[in-house]
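In full-length UniProt numbering, the protein residues as written are 1 to 256.
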């Protein structure tokens with residue numbers, strides 16, 4: 001059974017924490033939901049998630065928890081990388097299991113190690129590769145790739161060998177390769193793990209500036225002050241779901 005922090009009655013409801021921290025401009029995605037309805041997942045006989053009920057409406061949400069808590073598995077269900085063995089997930093009313101292609105067109109995913117996403121020799125080619133199925137000419141793909149690189153901190157790097165970029169630049173490149181597709185939701189699974197503190201902060205600042213809804217899986221608690229909502233997982237269940245201050249206090253008590 002999911003526990004919650006004191007005075008928190010929001011589990012499974014659409015009402016978000018009243019933090020007053022962030023005010024985002026309205027977008028065409030403002031009222032769209034990510035829903036987890038009785039979600040569970042097992043690997044063989046090992047239960048990874050159990051009884052997850054969430055309705056996510058906020059623009060900046062983080063999943064935190066110790067290794068093995070289930071947070072990455074939960075995040076990967078949003079775009080169908082992992083399927084629930086119980087319950088269902090809905091993204092704007094679409095089930096990632098049945099409507100995988102449509103969901104993936106709406107949800108971008110950034111992995112911990114950007115090398116797992118970089119597939120082309122140069123930065124520009126790598127971003128343009130994401131557009132290969134969009135019916136665009138080569139020139140249009142190149143122009144859009146260059147614009148995405150410029151917008152997200154890699155201006156002038158289109159012809160730079162992708163594998164010669166720094167760790168922080170590689171993570172920005174992975175981000176560009178998703179954002180050039182204009183997703184509605186961006187899920188980032190511990191994208192700062194391999195970065196130094198400076199690049200961690202730069203990446204989170206970049207994420208904060210995005211119009212898209214961002215779901216961030218992270219161990220870097222100090223980066224979450226400006227998030228609207230933090231969901232804490234432990235042993236496959238939700239143990240706290242609140243604004244960052246209260247949720248992270250609960251998490252620190254849990255791990256000490």
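Here a beta-carbon is modelled for each residue, glycine too, at the ideal position from N, C-alpha and C.
Note that the structure is a prediction, hence the values are computed from the model and not measured.
Alpha carbon to alpha carbon, how far is residue i from residue j?
i	j	result
residue 148	residue 180	6 Å
residue 185	residue 249	27 Å
residue 255	residue 117	32 Å
residue 206	residue 165	18 Å
residue 171	residue 51	33 Å
residue 105	residue 77	14 Å
residue 111	residue 191	6 Å
residue 253	residue 145	45 Å
residue 236	residue 85	13 Å
residue 168	residue 198	9 Å
residue 251	residue 232	7 Å
residue 59	residue 140	30 Å
residue 240	residue 131	39 Å
residue 247	residue 223	14 Å
residue 89	residue 97	8 Å
residue 238	residue 65	9 Å
residue 54	residue 209	25 Å
residue 124	residue 175	13 Å
residue 133	residue 39	32 Å
residue 228	residue 187	15 Å
residue 113	residue 153	19 Å
residue 245	residue 225	8 Å
residue 72	residue 219	11 Å
residue 212	residue 44	35 Å
Would you list the residues sitting across from residue i in a DSSP beta bridge?
i	result
residue 238	233
residue 226	Looking at the DSSP assignment, residue 226 forms no beta bridge with any residue, so it has no partner.
residue 213	185
residue 46	43
residue 56	34
residue 91	34 and 94
Hey, quick one: how far does the alpha helix (DSSP H) through residue i stretch, first residue to last?
i	result
residue 254	244-255
residue 258	Past the edges of the chain, shown from 1 to 256, lies residue 258, and the structure says nothing about it.
residue 103	100-104
residue 177	167-179
Could you pull the start and end residues of the beta strand (DSSP E) that residue i belongs to?
i	result
residue 62	60-65
residue 111	From DSSP, residue 111 is part of no beta strand (DSSP E); its letter is neither H nor E.
residue 35	34-43
For residue i, which of helix, strand or coil comes out of DSSP?
i	result
residue 268	What the structure shows of the chain is the stretch from 1 to 256, and residue 268 is not part of that stretch, so it cannot be assessed.
residue 20	Because the pLDDT of residue 20 is 35, which lies under 50, any placement of that residue in the model is unreliable, and the number read from its coordinates should be weighed accordingly. If DSSP states are grouped into helix, strand and coil, residue 20 belongs with coil.
residue 69	coil
residue 86	strand
residue 80	coil
residue 204	helix
residue 7	The pLDDT assigned to residue 7 is 38, lower than 50, so where the model puts this residue is not dependable, and the model offers no usable value.
residue 196	coil
residue 97	coil
residue 220	coil
residue 127	helix
residue 27	The pLDDT assigned to residue 27 is 48, lower than 50, so where the model puts this residue is not dependable, and the model offers no usable value.
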